[in-house]
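Peer 1:
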Amino acid sequence: MMKKLLIIFITFFVLIATSTYAQDDTTVFIILEEVKELIPDILSMSVGVNVNTSKEVDAVNILGAVDKSLKNLGFEYRGGKYYVTKNCWWEENKQKCSGYKGSIHYLFELKEPSQQNKIFQELANFKEKYGEKMDFIVSTPEWTVSKKNLRNAEDALKIEIIGNAQNFAKKVSEKMGKTCSLTSIDYDIRRPSWWWKEEEVSYMMKTTKSMVEAPEPKKEEKTVSVKASVKMICR
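The opening residue of the sequence shown carries number 1 in this note's numbering; numbering runs sequentially from there.
(1) Evaluate contact between the segment 62 to 76 and the segment 122 to 141, counting only Cβ atoms and requiring at least three cross-stretch pairs below 8 Å.
(2) Relative to the C-alpha of Asn50, which residue among Lys178, Arg151, Val28, His105 is closest?
(3) Contact check, Lys158 vs Val226 under 8 Å by CB: the rounded distance?
(4) Cys180 and Ala169 - do their beta-carbons sit closer together than 7 Å?
(5) Using only the alpha-carbon positions, how far apart do Thr140 and Asp41 sit?
(6) Measure from the alpha carbon of Ser69 to the alpha carbon of each residue in Trp90, Glu122, Val47, then state which is nearest.
(7) Give the straight-line distance between the Cα atoms of Lys133 and Thr53, rounded to the nearest whole angstrom.
(8) For Thr85, count neighbouring Cβ atoms within 10 angstroms of its own Cβ and tell me buried if that reaches 16, exposed if not.
(9) According to the Cβ coordinates, are Leu110 and Phe75 closer than 7 Å?
(10) Are Leu107 and Gly80 touching if we call contact CB-CB under 7 Å?
(11) May I have the straight-line CA-CA distance separating Phe29 from Met45, to the nearest angstrom?
(12) Sort Arg235, Lys36, Gly102 by Cα distance to Val172 and report the nearest one.
(13) Hey, would you say Ala153 sits closer than 7 Å to Leu38, going by beta carbons?
(14) What is the rounded straight-line gap between the Cα of Ile233 and the Cα of Pro215?
(15) Which parts of the segment 83 to 158 are runs of the beta strand (DSSP E), unbroken and 3 residues or longer, counting only runs that do not cross its ends?
(16) Which residue from Glu213, Lys231, Val224 puts its Cα closest to that of Gln115?
(17) Against chain B, does Lys68 count as a neighbour if the rule is that its beta carbon must be under 7 Å from one of theirs?
(18) Go ahead and pull the three-state DSSP assignment for Leu43.
(19) My output table needs one value for Thr183: the three-state DSSP class, helix, strand or coil.
(20) CA-CA distance, Val224 and Ile162?
(21) Among residues of its own chain, excluding the 5 on either side of Gly48, which ones have a beta-carbon nearer than 7 Å to its beta-carbon?
(22) What are the boundary residues of the alpha helix (DSSP H) that includes Asp67?
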């Protein structure tokens with residue numbers, strides 16, 4: 001874990017009050033930033049399964065069987081949306097159709113790299129069974145930080161910023177001979193980027209019953225930062 005405190009700049013705006021109390025108020029603006037490195041705990045992986053059959057019902061049944069098999073693995077996932085439609089294309093300004101095509105997509109959130117092997121093994125079994133009727137594509141797997149850990153880190157950084165702002169207000173109070181109080185804190189949170197890369201890797205599985213062992217992506221620390229614009233009034 002690495003933590004940094006960066007005071008980007010400090011700007012003083014002096015406002016002369018015109019109240020009957022004849023008291024000068026000083027408005028102080030500062031920008032504080034806290035940064036933390038997080039260790040990823042989730043292996044995100046996008047999987048797409050495509051089918052091409054002569055009958056519509058066959059396409060639906062294959063996707064249904066794949067869906068049931070993957071769900072039975074018990075892994076966390078999002079998605080599962082699918083479609084089946086006629087396989088059509090244009091040739092010499094005429095539309096031609098032959099059979100049906102379909103697709104289903106998942107976004108798995110795995111806790112262990114070895115779990116991806118179970119997914120690939122299931123898909124390899126279906127590939128062996130259906131041959132050219134089915135293939136699948138896996139978007140580049142990537143280690144990410146779970147939402148729970150990310151939110152906890154963000155909350156901790158916000159609290160640190162509040163403490164640093166309060167300490168700074170005390171120092172300004174001593175320097176100016178006034179009492180400075182925080183009036184507002186506006187946060188700007190910068191989270192790690194883990195959108196899927198545009199490139200896709202297609203895993204071509206041979207028709208064999210040998211176990212599938214996929215590469216394990218390296219865990220690389222992800223950076224989350226919280227920057228805050230702090231306003232205080234000194235009287």
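Note that the Cβ used here is the ideal one computed from N, Cα and C, for glycine as well.
Peer 2: According to the data block:
(1) A contact between stretches requires three or more CB pairs, one per stretch, nearer than 8 Å, and the segment 62 to 76 meets this requirement with the segment 122 to 141.
(2) If we check each option's Cα against that of Asn50, His105 comes out closest.
(3) That belief holds up - the Cβ atoms of Lys158 and Val226 are roughly 6 Å apart, short of 8 Å.
(4) Against a cut-off of 7 Å, the Cβ pair of Cys180 and Ala169 comes out as a contact.
(5) Here the alpha carbon of Thr140 sits roughly 17 Å from the alpha carbon of Asp41.
(6) Answer by Cα proximity: Glu122.
(7) Pairing Lys133 with Thr53, the inter-Cα distance amounts to about 6 Å.
(8) So Thr85 ends up on the exposed side.
(9) Cβ atoms of Leu110 and Phe75: closer than 7 Å.
(10) No; because the gap between Cβ atoms is not below 7 Å, this pair is not in contact.
(11) Cα to Cα, the separation comes out at about 43 Å.
(12) Closest option to Val172, judged by alpha-carbon separation, among Arg235, Lys36, Gly102: Arg235.
(13) Against a cut-off of 7 Å, the Cβ pair of Leu38 and Ala153 comes out as a contact.
(14) Rounded to whole angstroms, the separation of the alpha carbons of Pro215 and Ile233 is 56 Å.
(15) Complete beta strand (DSSP E) runs here, min 3: 94 to 110, 134 to 139, 142 to 144.
(16) Minimum Cα distance to Gln115 is reached at Glu213.
(17) Among the chains of the structure shown, chain B does not appear; only one protein chain is present.
(18) It is a strand residue.
(19) Residue state for Thr183 is assigned as strand, using DSSP reduced to three classes.
(20) So the alpha carbons of these two residues sit roughly 17 Å apart.
(21) Counting only Cβ-Cβ distances below 7 Å, and skipping sequence neighbours, we find Ser103, His105, Phe136, Ile137.
(22) Where Asp67 is concerned, the enclosing alpha helix (DSSP H) stretches over 56 to 71.
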